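J.: A single structure is presented below for examination.
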Amino acid sequence: MKLPSPVPSWCRSAMAILALFALTSCATAQQVPLRSTEKPVCDRQKGMCTFAWDIFLVRNPDAPKTDGERFASGSSVYPMNTFTDIPVEINQGDQDKFALVFNINSADIPAFSLVTLSGKIHRGKSRTATFSQKIGLRSGRTGEVRARVGDETFIISVTAPTFPTHAP
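When you line the sequence shown up against mature numbering (1 follows the signal peptide of the UniProt record, and there is no 0), it's residues -29 to -1, 1 to 139, in that order.
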């Protein structure tokens, strides 16, 4: 016996349409190299923010206090006050592929409110992992997501921008 849904069908349809609209109205930001001396910041005058990301590979995730080796790193620029998708794709040979999307919801406040990390990792011919996780970050702080593929773990860390005050 099928139980009635607590949400009316017209409401489910409206939510689906709104979700499609939100997906089509997302901006896509491009990846840019980050110099080691640069800190991610939001420039309120330009309406643009930068965030930094690092991916570490841990070959023995059961070892204590292992941060792993740097697999890739970079930064991306995105507009404030909008949902933004930032795609990252890393290919190492024919069989090792790493695809990641940062979905960022930011506002013109000193916060980097919410990041959804979604990705798919292919290692060799048979090892594949998919993941999606939301993390909330405060200005200037770093958060991470861990994705396990076989006996390896990828640590994806994201550093939120700071919101410096401009002198008048």
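For each residue, glycine too, the CB sits at the ideal point set by N, CA and C.
Computed from a predicted structure; not experimentally measured.
Count the other CB atoms within 10 Å of the CB of R119; is the residue buried (16 or more) or exposed (fewer)?
T.: exposed
J.: Would you tell me roughly how many angstroms separate the C-alpha atoms of T87 and K68, rounded to the nearest one?
T.: 20 Å
J.: Which of helix, strand or coil does DSSP assign to Q66?
T.: coil
J.: Report the residue from R30, I127 and P135 whose alpha carbon sits nearest the alpha carbon of S89.
T.: I127
J.: What number of angstroms, rounded off, separates the C-alpha of Q66 from the C-alpha of T99?
T.: 10 Å
J.: Spatial neighbours of S97 within its chain, please: C-beta separation below 7 Å, excluding the five flanking residues on both sides.
T.: none
J.: In three-state DSSP terms, what is S97?
T.: Looking at S97 - three-state DSSP - the assignment turns out to be coil, as it is neither helix nor strand.
J.: Please confirm whether A70 and P58 have their CB atoms less than 9 Å apart.
T.: Contact flag set, yes.
J.: Taking the continuous beta strand (DSSP E) assigned at R112, which residues delimit it?
T.: Looking at the DSSP string, R112 is not in any beta strand (DSSP E), and its letter there is neither H nor E.
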